[in-house]
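Peer 1:
Residue numbers (this note's numbering): 2 to 212.
(1) Please state the DSSP three-state secondary structure of residue 135.
(2) Roughly how many whole angstroms lie between the Cα atoms of residue 36 and residue 56?
(3) So the candidates are 195, 165, 203; which of them puts its Cα closest to the Cα of residue 182?
(4) Using the three-state DSSP reduction, which class does residue 41 fall into: helix, strand or coil?
(5) Pull up the distance between the alpha-carbon of residue 58 and that of residue 154, whole angstroms please.
(6) With three or more C-beta pairs closer than 8 Å as the rule, is the segment 154 to 169 touching the segment 111 to 129?
(7) Go ahead and pull the three-state DSSP assignment for residue 27.
(8) Given 8 Å as the limit, is there contact between the segment 67 to 82 and the segment 39 to 51, that is, 3 or more CB pairs closer than that?
(9) Rounded to a whole number of angstroms, what is the C-alpha to C-alpha distance between residue 4 and residue 15?
(10) Looking at the secondary structure, which residues open and close the beta strand (DSSP E) in which residue 72 lies?
See the structure below:
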C-alpha cells in the first residue's frame, strides 16, 4: 500500500506500475480532475473508491455512472469500505487474468443507483452477476422506483456498454404509431410523416433497449 501526498504523485505512480485500486479524496483543492479521469479510462483494471462530501460534480459523476468508480460519502461507513476492499482483493486474480474490471460495490453509489441499505446492496450484487452475461432481464417495480436507472446501470456493466441504450415508454405509444416508433418510416409514408424516422430497433442496434 502506498500513500501519496498529492494527486500529481498518484499520476506519476501510474507511469511506473498501475495499482489494483485507489482510494481518492476528490474534494481536495489540488485535484487534477481531468488528468485523473483520463487515467481512469486508460487503466480499466484499477478500481477507484472516491471519497466525497456529496456535492454534485458532473465530471466525477460520469465516471461513477459507467461503473468505473464507487463513491463513499462522508461520514464514511467503515463496514462498507471494508467490504469493498475485501471483495476487490478476493477477485484480484480473476481481474488480472481477464483484463476486465471486476466490479464489486457495497457503497453509497453504484452506476446510476444510490443507497447503501441491505436491499440496495443485494441489488448491486445481482447486477454485478448479470452484467457480463447475455441473459434477458425483467425489471419490475412500482412507477417511480427507478427501474430505468437499474437498466442503465446493467447496460453499463454489459458487453454492449459502448453501444446505444434506448428507453421507450410503451404505455405512451398509440396503436396507430407503435409500428412507426419501433420500426421507423420514410418521409410521406402517412399523413404527418414529414421526414424519415429511424425506429427504436434501428437506433438500438448493437446495444440494449428497455420497454
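For each residue, glycine too, the CB sits at the ideal point set by N, CA and C.
Peer 2: Straight from the coordinates:
(1) Three-state DSSP puts residue 135 in coil, outside helix and strand.
(2) Taken atom to atom, the span from the alpha-carbon of residue 36 to that of residue 56 is near 20 Å.
(3) When only C-alpha atoms are compared, the closest one is 203.
(4) In the structure shown, the three-state DSSP call for residue 41 is helix.
(5) Near 19 Å, if we compare the C-alpha coordinates of residue 154 and residue 58.
(6) Yes: the two stretches touch, three or more of their Cβ pairs being nearer than 8 Å.
(7) For residue 27, the three-state secondary structure derived from DSSP is coil.
(8) Three or more beta-carbon pairs drawn from the segment 67 to 82 and the segment 39 to 51 are found closer than 8 Å, and the two stretches are therefore classed as touching.
(9) Between residue 4 and residue 15, the C-alpha separation is close to 13 Å.
(10) In the DSSP assignment, residue 72 falls within the beta strand (DSSP E) that extends over 70 to 74.
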